[in-house]
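Since the structure comes first, as C-alpha coordinates, the remarks are kept for the end.
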Amino acid sequence: QVQLVESGGDLVQPGGSLRLSCAASGSISSDAHMGWYRQVPGKQRELVAVIANGSRDYADSVKGRFTISRDNAKNTLYLRMNSLKPDDTAVYYCNVVVTIGHTEYDYWGQGTQVTVSS
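Written out as C-alpha coordinates, the structure is:
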(Lines of atoms letter the chains of each structure in order from A and count residues from 1; the text may use other names and numbers.)
(Lines give C-alpha, C1' and ligand atoms only; values in the text may rest on other atoms or scores of the structure.)
Protein backbone atom coordinates (compact mmCIF):
# COMPACT_ATOMS: atom_id res chain seq x y z
CA GLN A 1 0.00 0.00 0.00
CA VAL A 2 1.29 3.44 -0.95
CA GLN A 3 0.20 6.72 0.59
CA LEU A 4 0.94 10.11 -0.95
CA VAL A 5 0.74 13.42 0.86
CA GLU A 6 1.12 16.66 -1.07
CA SER A 7 2.07 20.01 0.42
CA GLY A 8 3.26 23.43 -0.67
CA GLY A 9 0.15 24.80 -2.32
CA ASP A 10 -0.56 28.46 -1.62
CA LEU A 11 -1.88 31.76 -2.93
CA VAL A 12 0.80 33.47 -5.03
CA GLN A 13 0.92 36.51 -7.29
CA PRO A 14 1.42 36.17 -11.05
CA GLY A 15 5.10 35.76 -11.82
CA GLY A 16 5.75 34.15 -8.45
CA SER A 17 7.12 30.73 -7.59
CA LEU A 18 6.13 27.74 -5.51
CA ARG A 19 7.54 24.32 -4.77
CA LEU A 20 5.16 21.44 -4.26
CA SER A 21 6.20 18.32 -2.40
CA CYS A 22 4.74 14.84 -2.39
CA ALA A 23 5.88 12.55 0.40
CA ALA A 24 5.37 8.87 -0.35
CA SER A 25 5.13 6.06 2.16
CA GLY A 26 5.36 2.43 1.20
CA SER A 27 7.53 0.56 -1.25
CA ILE A 28 8.31 2.55 -4.39
CA SER A 29 11.15 1.67 -6.69
CA SER A 30 13.58 4.39 -7.68
CA ASP A 31 12.49 4.14 -11.33
CA ALA A 32 8.73 4.10 -10.68
CA HIS A 33 6.58 6.33 -12.83
CA MET A 34 5.66 9.42 -10.81
CA GLY A 35 3.92 12.57 -11.85
CA TRP A 36 2.00 15.72 -11.12
CA TYR A 37 -1.47 16.39 -12.46
CA ARG A 38 -3.85 19.28 -11.95
CA GLN A 39 -7.56 19.84 -12.11
CA VAL A 40 -9.90 22.80 -12.11
CA PRO A 41 -13.65 22.54 -11.42
CA GLY A 42 -15.59 21.36 -14.44
CA LYS A 43 -12.53 20.14 -16.32
CA GLN A 44 -10.70 16.84 -16.60
CA ARG A 45 -7.57 16.22 -14.64
CA GLU A 46 -4.56 16.98 -16.85
CA LEU A 47 -0.96 15.91 -16.84
CA VAL A 48 1.55 18.53 -15.74
CA ALA A 49 4.83 16.62 -15.52
CA VAL A 50 6.08 13.06 -15.18
CA ILE A 51 9.38 11.43 -14.27
CA ALA A 52 10.36 7.81 -14.81
CA ASN A 53 13.64 6.01 -15.35
CA GLY A 54 15.44 9.34 -15.27
CA SER A 55 13.35 10.83 -18.06
CA ARG A 56 11.11 13.86 -17.62
CA ASP A 57 8.21 15.09 -19.69
CA TYR A 58 6.05 18.20 -19.37
CA ALA A 59 2.81 19.60 -20.65
CA ASP A 60 3.46 22.23 -23.30
CA SER A 61 1.80 24.86 -21.13
CA VAL A 62 4.43 24.50 -18.38
CA LYS A 63 7.61 23.73 -20.34
CA GLY A 64 10.42 26.05 -19.36
CA ARG A 65 8.62 27.15 -16.19
CA PHE A 66 8.10 23.97 -14.15
CA THR A 67 10.65 21.38 -13.09
CA ILE A 68 9.86 17.93 -11.73
CA SER A 69 12.37 16.12 -9.55
CA ARG A 70 12.55 13.36 -6.98
CA ASP A 71 14.64 12.50 -3.97
CA ASN A 72 14.70 8.70 -3.74
CA ALA A 73 16.37 8.75 -0.34
CA LYS A 74 13.45 10.75 1.05
CA ASN A 75 10.80 9.08 -1.11
CA THR A 76 9.65 12.54 -2.12
CA LEU A 77 8.56 14.03 -5.42
CA TYR A 78 8.82 17.76 -6.10
CA LEU A 79 7.44 20.26 -8.57
CA ARG A 80 9.20 23.59 -8.81
CA MET A 81 6.91 26.15 -10.43
CA ASN A 82 8.27 29.47 -11.67
CA SER A 83 6.69 32.37 -13.56
CA LEU A 84 3.28 31.31 -12.38
CA LYS A 85 0.23 32.46 -14.32
CA PRO A 86 -3.44 32.70 -13.34
CA ASP A 87 -4.09 29.75 -15.68
CA ASP A 88 -1.93 27.60 -13.40
CA THR A 89 -4.59 27.89 -10.70
CA ALA A 90 -5.79 24.37 -9.88
CA VAL A 91 -5.67 21.55 -7.38
CA TYR A 92 -2.40 19.71 -7.95
CA TYR A 93 -2.24 15.95 -7.42
CA CYS A 94 0.69 13.63 -7.04
CA ASN A 95 0.54 10.24 -8.75
CA VAL A 96 2.66 7.10 -8.63
CA VAL A 97 2.29 3.92 -10.63
CA VAL A 98 3.58 0.81 -8.88
CA THR A 99 4.12 -2.33 -10.95
CA ILE A 100 3.91 -5.67 -9.17
CA GLY A 101 4.37 -8.57 -11.54
CA HIS A 102 2.13 -7.80 -14.52
CA THR A 103 -0.22 -5.54 -12.60
CA GLU A 104 -0.02 -1.77 -12.32
CA TYR A 105 -1.40 0.01 -9.28
CA ASP A 106 -2.30 3.68 -9.48
CA TYR A 107 -2.03 5.82 -6.35
CA TRP A 108 -3.10 9.44 -5.84
CA GLY A 109 -2.62 12.02 -3.14
CA GLN A 110 -5.39 14.19 -1.76
CA GLY A 111 -4.30 17.29 -3.69
CA THR A 112 -2.97 20.71 -2.80
CA GLN A 113 -4.51 23.99 -3.94
CA VAL A 114 -2.46 26.44 -5.98
CA THR A 115 -4.03 29.84 -6.60
CA VAL A 116 -2.32 32.43 -8.78
CA SER A 117 -3.94 35.81 -8.39
CA SER A 118 -3.11 39.43 -7.72
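Going from the sequence shown to the numbering used here is simple: count from 1 and add 43. C-beta: ideal position from N, C-alpha, C; glycine also. Remember, it's a predicted structure, so these values are computed and weren't measured experimentally.
8 Å Cβ shell around residue 105 - same chain, five flanking residues per side excluded: Cβ within range, chain order: 91, 92, 124, 131.
Beta-ladder partner(s) of residue 103, from DSSP: Note: residue 103 is not bridge-paired with any residue in the DSSP secondary-structure output.
Sequence-distant residues of its chain with Cβ nearer than 6 Å to residue 66 (five each side left out): Once the five neighbours on either side are set aside, the close Cβ partners of residue 66 are 48, 119.
Own chain, CB closer than 6 Å to residue 158, minus 5 neighbours either side, in chain order: The answer, listed in chain order, is 54, 132.
One or two residues paired with residue 127 in a DSSP bridge: Its beta-bridge partners do not exist; DSSP assigns none.
Cut-off 7 Å between Cβ atoms - residues of its own chain near residue 129, not counting five sequence neighbours on either side: Excluding residues within five positions, the ones whose Cβ falls inside 7 Å are 57, 159, 160.
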